[in-house]
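Protein chains in written order, with my numbering: chain Z, 2 to 457; chain A, 337 to 571; chain W, 6 to 167.
Worksheet: one structure, shown below.
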Amino acid sequence: MSRTQNNRLADDLVRPLFNTSVWFYAIVVAAGTVVLSGAAAWAFQLWNGIGVAGIRWPVFWAFYLVNFVFWIGISHAGTLISAILRLVDAGWRRPVTRCAEVITVFALMIGAMFPIIHLGRPWLAFWLFPYPSAREIWPNFRSPLAWDFFAINTYLTGSVLFLFLPMIPDLALVRDRSTGWRRKVYGALSFGWRGTTTQWNRLESAMQIMAIAILPVAVSVHTIVSFDFSMANVPMWHSSIFGPYFVAGAIFSGIAALIIAMALLRKFLHLENYLLPMHFDNLGKLLLLMCVLWAYFVFNERLTVWYGNEPHEMAVFWATQRGRFAVPYWTMVICNFVIPFIILSIKPLRTILGCVVASFAVLIGMWLERFLIIVPGLSYKQLPYSWGDYGPRPVELIIMAATFAAMILLYTLFSKFVPIISIWELKAGDHSTPHAPAAPAHASLMASAPPEAGHS
Amino acid sequence: MPYRWGMAVDIDKCTGCEACVTACRAENNIQTVGPEQAARGRAMHWIRVERYFEGNFPDVRVKFRPVLCQQCDNAPCEAVCPTYAAHHNEDGLNAQVYNRCIGTRYCANACPYNVRFFNFFNPEWPKPLNLQLNPDVSIREVGVMEKCTFCIQRIKAAKTAAKADGKPIADGSLQPACAQACPTTAIVFGDLNDPNSRVAKLAQSPRGTKLLEDLGAEPKITYLQKQPWYESDAK
Amino acid sequence: MSVYGLYDDPNVAQQAVNNLRAAGVADADITVISSEPFEHFEFGHRDAKTSMPWIAAAAGLIGLGLTYYLLAASQQAWPLVTSGMPIAPNWTNLIIIFEMTMLSAILVTVIMLIFTAFIGQRGKLYDSEVSDGYILVGVENPADAAKLEPALAIHGGRVKTV
């Protein structure tokens, strides 16, 4: 790309930072209100006791844990897109990486709040941190919840750094294009980045190392979250398939969230020339792959339970297939498999709108899947005399709504202050060989975009 | 020889009177949650009497099974607690340390017997019920898990007295509240390590079974019943 | 005092770098600044060699050892039996050791980046025209500025002196 084309790219991607539409304020106010309501609901719970939630004997884990697993699952989008595609050097990833990494960081932050929200005595949550205490007692490192602490913190640290490091050159670019307080703030945030070849090389090395490091961490995080369930001898929890099942489900829901986020960004920030139908097509194909993979895991799990016919497990099995949880179960099957499979496997249907519809269905289905893993097992444990039914209460619903609003709010604020598409990566993507002509022969994102993209 | 506290519950003798439930509540300061919370499933019964109907009218039989914490040797609830609030003590009991509990409730999920109970709210004892509280047992605040401790406060008192006297605890002299209150002596408590104790002998009885034995939690309570559970003998 | 040229074509920038070398400037004294990495051009990967991966791996191993020690020592210090498991079970400790290994590698990588790219920077030469897409090729504190200006004054570039 020529310098002028590059500059137009930079202009387009920096414009949302300087021009604020009324939508921005509307979204911030609306989402902010819901987030504040969630905070109030939590304060209400802290004051009155965790009993204001719907949990009961023997269903001691419910909506808060469902949301915890759901949001940690969503956070797997960024890593897959960013790290894997970066490692295999897939060019189409370039406009998508930061959108995905932002989802990861915010979904992790939101998800990591739930282990604190669900505690009976959250003011003592710091006991999970391994510090040498005067009482000479440490956390119980044999507990999956202690593993959760380490895994989520490692992943959060890694993801924040993975997001922030490639942001620095773009922050420097914004610094150079702004004046006044903006210049000072972005200058501070870019840590005096100049763009010398040494800096670029070190940054690339660091990103390469981190991409390699963060992939196993991401897989381990959701595996460890699954261990919260599979380590207990609850019917239909105690299954060795939970590790890979949860990771596959996480990537599934993460890609769905990414598609929705990208579609909204494309619309609100006028990024039609950068987030192309080709990107949605590729992500749609990935989503289809994860859809089939998810179905494969569910089939595996359910067939072994049904075939084994063990009475404790069959009680839970029938409760989900035909009993009290039948409606959520079959809704989940339709939302997670039928709808996405039809839309995404038929090419004419795999448009941006089609992908977004499929993604919404997947998000609903994956939330239901988490619910159906956690609650039926606890409702129907080994001793029938102590079976019990769970129903959510307003506190849980408000906090759940607040988390979705928090995601929207944080994402909106982020895209206001940082270019949501990585400018330097997009520019760098067009240099395939030295002495190449200005428009290289291979698929570049600007020159040979599919006809429906249009050019500004 | 360290103690190894265990229990034998005779189902053939149990009348379902629930004196054990009442005595346990009185001894251990268990909160009464009220009708509204009980309807929402928050009732706390460290020992509960499960009632099963067998057969068809007019040959209906009722069986009662008191279920309390089995003090498992391989307790699934212990390893999952992130703060060591649930761990195994030197007497073989499953200790629950209220001060250390942060209320993750994982232990309650892991317990297959559902004998762990959670304080969803702070307990209240409107006057003059507060005068009934046992000073030997601490009150648990909101967010803390609790369960049957085999009346560990009585065990500790008996051990202290026995140490002072220089003699081991005599079999039958130490009883948790449920065993003490049972009118038919269906609940027998004692030291499983003492081969002469009643409970050690009853644990060997051919009438003895363990609850959910195949799960491998190694519960220490032996349930005695002459008739097998599922056969309906018309005799 | 620095002398540099601004070019909008990376091929011309490469030419400028070659000219500077021909004029006797050492590689380490040539500053090239751009708003994107030009990895496929020679000037872009002049000092790409780094031992960061090895140091990161070493940091991971150190994290592994430290975590192993922390877990073993703290679990043995006050041995509390849970579920009949060993006091310091390897299976479960392995999970935490894995996480801390990766965290060590990640943190040390970032620290290395901070030191090599930010704190350890040599030189302060910068022109905000770089953000408009120009490639800056120049020398800070040159021995003979007069000789360098013709080297940098190639067609397609502007020479500046600061």
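We treat Cβ as the ideally placed atom computed from N, Cα and C, and that holds for glycine.
Review point. A415/A and C443/A: beta carbons closer than 7 Å?
Key: no
Check your understanding: Taking DSSP as the reference, what is the three-state secondary structure of A439/Z?
Key -> Legend: pLDDT at A439/Z = 39, less than 50; position of this residue unreliable, value from coordinates given subsequently. In this structure, A439/Z counts as coil in the three-state DSSP scheme.
Check your understanding: What separation, rounded to the nearest whole angstrom, lies between the Cα atoms of L427/Z and Y275/Z?
Key -> 9 Å
Practice item. Measuring alpha carbon to alpha carbon, tell me which of L18/Z, F61/Z, G33/Z and D282/Z ends up nearest M408/Z. Key: G33/Z
Check your understanding: Among the residues of its own chain, which have a CB less than 7 Å from the CB of G121/Z, if the five just before and after it don't count?
Key -> I51
**Study point:** Bounding residues of the beta strand (DSSP E) (the contiguous stretch that carries N430/A)
**Key:** N430 to Q432
Review point. Whose C-beta lies closer than 7 Å to the C-beta of A316/Z among residues of the same chain, with five residues either side of it excluded?
Key: P236 and Y381
Check your understanding: Between the segment 410-436 of chain A and chain Z, which residues of the former have a C-beta closer than 7 Å to a C-beta of the latter?
Key -> P412, A415, V416, C417, P418, T419 and Y420
**Study point:** Contacting residues, own chain, Cβ-Cβ under 6 Å from N98/W (five flanking each side not counted)
**Key:** L76
**Study point:** Run of the alpha helix (DSSP H) containing P140/Z, from where it starts to where it stops
**Key:** Careful: P140/Z lies outside any alpha helix (DSSP H) and carries neither H nor E.
Check your understanding: The alpha helix (DSSP H) spanning H280/Z covers which residue range?
Key -> P278 to G309
Point to revise | Cα-Cα separation between M208/Z and M232/Z, rounded to whole angstroms | key: 35 Å
Check your understanding: Exposed or buried, N430/A, counting other C-beta atoms within 10 Å across all chains shown (16 or more means buried)?
Key -> buried
Exercise for review: Leaving out five residues on either side along the sequence, give the residues of the same chain with a beta carbon under 7 Å from the beta carbon of R178/Z.
Suggested key: V15
Review point. Of all the options L109/Z, R57/Z and G39/Z, which has the alpha carbon lying nearest to the alpha carbon of W388/Z?
Key: R57/Z
**Study point:** Start-to-end residues for the alpha helix (DSSP H) that takes in K185/Z
**Key:** G181 to L190
Point to revise | Span separating the alpha-carbon of N95/W from that of F165/Z | key: 35 Å
Check your understanding: Among the residues of its own chain, which have a CB less than 8 Å from the CB of I101/W, if the five just before and after it don't count?
Key -> T72 and L76
Review point. E370/Z: which of E397/Z, N337/Z, V357/Z and I347/Z sits nearest, CA to CA?
Key: N337/Z
Exercise for review: Could you work out which residues of chain A lie near P140/Z, taking near to mean beta carbons separated by less than 7 Å?
Suggested key: P418 and T419
Exercise for review: Please classify W72/Z: is it buried, with 16 or more other beta-carbons within 10 angstroms of its beta-carbon, or exposed?
Suggested key: buried
Check your understanding: Excluding sequence positions up to five away, which residues of its chain have a Cβ less than 6 Å from the Cβ of P438/Z?
Key -> In this prediction, P438/Z has a pLDDT of 36, which is less than 50 and means its spatial position is unreliable; nothing more can be read from the coordinates.
Exercise for review: Return the residues of the segment 398-421 of chain Z that lie within a Cβ-Cβ distance of less than 8 Å from chain W, sorted by chain order.
Suggested key: none
Check your understanding: Looking only at its own chain, which residues have a Cβ that is under 8 Å from the Cβ of I353/Z, when we skip the five neighbours before and after it?
Key -> A264, R267, P278 and F281
Review point. Going straight from the alpha carbon of Y187/Z to that of E104/W, what length do you get?
Key: 33 Å
Exercise for review: Label G352/A either buried or exposed according to how many other C-beta atoms from any shown protein chain fall within 10 Å of its C-beta, with 16 as the threshold for buried.
Suggested key: exposed
Check your understanding: Does the beta carbon of A249/Z come closer than 7 Å to any beta carbon on chain A?
Key -> no
Review point. Grouping DSSP H, G and I as helix and E and B as strand, with all else coil, what is T434/Z?
Key: In this prediction, T434/Z scores a pLDDT of 36, lower than 50, which makes its location untrustworthy; the coordinate-derived value is nonetheless stated afterwards. T434/Z falls in the coil class under three-state DSSP.
Point to revise | Where the alpha helix (DSSP H) containing Y386/Z begins and where it ends | key: Where Y386/Z is concerned, there is no enclosing alpha helix (DSSP H), given that its DSSP letter is neither H nor E.
Practice item. Leaving aside the five residues before and after A147/Z along the sequence, list all residues of the same chain whose C-beta is less than 7 Å from its C-beta, in chain order. Key: L129, P140 and N141
Check your understanding: Of all the CB atoms in chain A, is at least one closer than 7 Å to the CB of M90/W?
Key -> yes
Exercise for review: May I ask you to report which of helix, strand or coil DSSP gives R387/A?
Suggested key: strand
Review point. By how many angstroms is the C-alpha of L345/Z removed from the C-alpha of G285/Z?
Key: 6 Å
Exercise for review: Would you mind sorting E47/W into buried or exposed? The rule is 16 or more other CB atoms within 10 Å of its CB.
Suggested key: exposed
Review point. Apart from the five residues just before and just after T434/Z, which ones in its own chain have a Cβ nearer than 7 Å to its Cβ?
Key: Here the model assigns T434/Z a pLDDT of 36, short of 50, so the residue's position is not dependable and the matter cannot be decided.
Review point. Ordered along the chain, which non-local residues of its own chain (more than five positions away) have a Cβ less than 8 Å from that of K129/W?
Key: E145
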